[in-house]
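Read in my numbering, the sequence shown has 261 at position 250, and its numbers run on one by one without any break.
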Amino acid sequence: MGADFSKPDIVICGAGPVGLTAALKLANHGISSHILEKRSTLSQVSKASTFHPPTLEILAEFDLLDVMLSQGCKAERIQYRETGGNILAEFDQSVLQGDTIAPYRIHLEQSAITPHLLEKALATDLVRISFDADVIETGQDDNHVWARTTNGKTVSGTYLLGTDGARSAVRQSLGLKQTGHVYPGRVLRLMVAKSFGELMPDMAPVSYIFSQDKRSVSLLEMPDCWRIIIRIPPGVSDDEVKDPAWYGPIVDEFLPQCSTGLEILGTDVYGASKMLCDTNAVGRIGLLGDAVHLTNTRGGMNMNCGFHDAYAVASAIIDAVKLGKPERFHQELQERLRIARDVLLPRTDKSVTGKDDWLTFIADAAADPGTARAYLLTSSMLDMAPERLTHPDRLSNKV
Ligand SMILES: Cc1cc2nc3c(=O)[nH]c(=O)nc-3n(C[C@H](O)[C@H](O)[C@H](O)COP(=O)(O)OP(=O)(O)OC[C@H]3O[C@@H](n4cnc5c(N)ncnc54)[C@H](O)[C@@H]3O)c2cc1C
């Protein structure tokens, strides 16, 4: 096999945001890693775009918050509206300034930050990355782990992290399965020119508009465009929904103020699943991020939770290696699984399924400062962040 067991490398399979965060956190504490990435470059696919406060705290620790602020769109206000333009509820995240150093969201493509994570990681001289390294098999004995790739490479180390996304080969090699279901219906994203903001100057950077019959459209301000996110009813094809003849009347209904003058820059369609593994750890191998949990994109939480998985499990490996506490690895992986199962999935599910109660709750919450703050602590994931990130005042709100 030719494996070199002399170095205490952590083997990281997958160079998405989760794998890169783990590598950088480990390297900042003097622990080396070898990342295996099946693509020939980092992914450029447009996926997550919302970065919540605890994730921004991680990026601040990595000295990347300034990059986020300079490249991204800072979002402090969240609005819930009716189709006629009435604002049902508005929340201002700046009330969280005692709870976090970043009392706001930043909207930026995840592919804009992964190169910075990699650059920082490589600059430590403790991280190696092999591209075109498609992991097909993993293995372990009592003290070592290894991963084998399609091009015959075998990389070994002391722990292995499966950060290889929804179709995780590491998960498959452990014989573990994600179970769950695909959410019915898909989503159309319309990318609209920034001039939309001039047509709707009071629209918050994160806005949800509800019709009388509780259908909804979401809006997200990005650095270079606005996104209008429309839920597609079952039975309509992807090609059909990308046609202005399909989405035009919906835009007119939800945004009558700008039925003319919208400049559409692009469209795409995606679906979502709710999936979870029963187990995320076997021996010295742990699974993180999309390899463990998948959910809908409402509230933009799944990648953020993956960042937190990476930060927390890397911290546990640091404790295992530096403090001689090997039990921390499994403890932290169990805690991350609990967070995904008991907090992330129910929370994101509720925003999709509980529409009637949800709007009443939201309107009531916005009207009461104490309830509004409590709601913002949950919608910004501050209550479910890894322990070491939390501001001392916030610990009483932990789930
Ligand atoms: C349209 C869309 C919008 C989204 N919006 C949000 C949002 O606003 N907020 C949010 O929090 N989340 C959002 N998500 C979810 C978010 O994108 C994912 O949770 C996130 O990408 C997970 O990161 P990851 O590193 O676990 O996996 P990935 O990003 O999938 O990275 C996995 C990496 O592993 C590599 N890999 C795969 N298989 C192998 C292998 N066999 N060997 C080696 N390497 C391998 C892949 O090439 C990839 O580079 C969205 C998702 C989609 C699709």
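Ideal Cβ placement from N, Cα and C applies to all residues, glycine included.
Do you know whose CA, among the options, lies nearest residue i's CA?
i    : options                   : result
K361 : A385, M392, E338 and R309 : R309
T174 : M79, Y386 and Y322        : Y322
I124 : V217, A59, A385 and D143  : A59
D20  : G311, Q104, Q55 and I329  : I329
V138 : Y194, Q90, E120 and E48   : E48
S122 : S284, P28 and I240        : P28
T290 : L187, V56 and D77         : L187
A215 : G196, R238, Y386 and V198 : R238
A327 : A385, F340, I350 and T382 : F340
R92  : E264, K336 and N313       : E264
A325 : T169, S57, W369 and G163  : T169
L70  : R116, K333 and A351       : R116
Q55  : V262, P337, A26 and T149  : A26
By Cβ distance, which residues of its chain are closer than 6 Å to residue i, with the 5 residues on each side in sequence left out?
i    : result
S391 : H63 and P64
M286 : Q189, G191 and L305
N307 : Y194, A283, T359 and V363
L266 : none
A34  : I23, S44, I46, A132 and V138
T161 : D145 and I147
F142 : E48 and S51
P397 : H319, Y322 and A323
R106 : According to the sequence as given, residue 106 is Val; it is not Arg. Around V106: R384.
S249 : According to the sequence provided, residue 249 is Asp. The question's Ser does not apply to it. Contacts found: V280.
K253 : T278
T66  : N315 and F318
S229 : Y219 and I240
G150 : W157
K336 : D330
Take residue i and list the residues in its own chain whose beta-carbon comes closer than 7 Å to its own, dropping the five residues that flank it on each side.
i    : result
E68  : T111, I112, A113 and L400
V293 : L185
P126 : L53
D15  : For D15, the predicted model reports a pLDDT of 46, less than 50, meaning its position is unreliable; a value from the coordinates is still stated below. Cβ within range, chain order: S167.
G13  : Only weak support exists for where G13 lies, its pLDDT of 41 falling under 50; the coordinates are left without a value.
M233 : S60, C84 and H118
A377 : A100, E101, F102 and A383
A351 : L287, V303, H304 and C316
Once you ignore the five residues that flank residue i on each side, which residues in its own chain have a CB closer than 8 Å to its CB?
i    : result
R405 : Because R405 carries a pLDDT of 49, less than 50, the predicted location of this residue cannot be relied on, and the following value inherits that uncertainty. Here the set comprises D110, T111, L388, L393 and D394.
E251 : W257
P244 : G196
P380 : V106
T135 : L35, A38 and N39
S57  : E120, S122 and D279
L370 : Y91, L99, F221 and K225
Please report the Cβ distance between residue i and residue j, rounded to the nearest whole angstrom; I am assuming they are in contact, meaning their Cβ atoms lie under 8 Å.
i    : j    : result
H45  : V22  : 6 Å
S222 : R242 : That belief does not hold up - the Cβ atoms of S222 and R242 are roughly 11 Å apart, past 8 Å.
L129 : L31  : 6 Å
L201 : T278 : 6 Å
A177 : I147 : Rounded, the Cβ-Cβ distance is 17 Å, inconsistent with contact.
R182 : C316 : Contact doesn't hold; Cβ gap of about 17 Å is too wide.
F102 : Y386 : 7 Å
S171 : R295 : According to the sequence shown, residue 171 is Leu rather than Ser. Indeed, because the Cβ distance is near 6 Å, the residues count as touching under 8 Å.
Q104 : E87  : 5 Å
V217 : I89  : 5 Å
L355 : M314 : About 11 Å; that fails the 8 Å criterion.
T94  : I220 : 6 Å
L210 : C269 : 4 Å
V247 : I42  : Not quite, the Cβ-Cβ distance comes to about 50 Å (not below 8 Å), so this is no contact.
When the cut-off is 8 Å and only beta carbons count, does residue i lie next to chain B?
i   : result
L70 : Although the question refers to chain B, the structure presented lacks it and comprises just one protein chain.
With three or more C-beta pairs closer than 8 Å as the rule, is the region 96-106 touching the region 73-85? Contact fails between the region 73-85 and the region 96-106, because fewer than three Cβ pairs, one in each stretch, are under 8 Å apart.
With three or more beta-carbon pairs closer than 8 Å as the criterion, would you say the region 151-166 touches the region 312-326? The answer is no - the region 312-326 does not touch the region 151-166, with fewer than three Cβ pairs under 8 Å.
Tell me whether the region 263-283 and the region 337-356 touch, counting them as touching only if at least three CB pairs, one residue from each stretch, are closer than 8 Å. Not touching, per the Cβ criterion.
Quick one: any contact between the region 297-304 and the region 198-207, if contact means 3 or more CB pairs under 8 Å? In short, these stretches do not touch, since the Cβ pair count stays below three.
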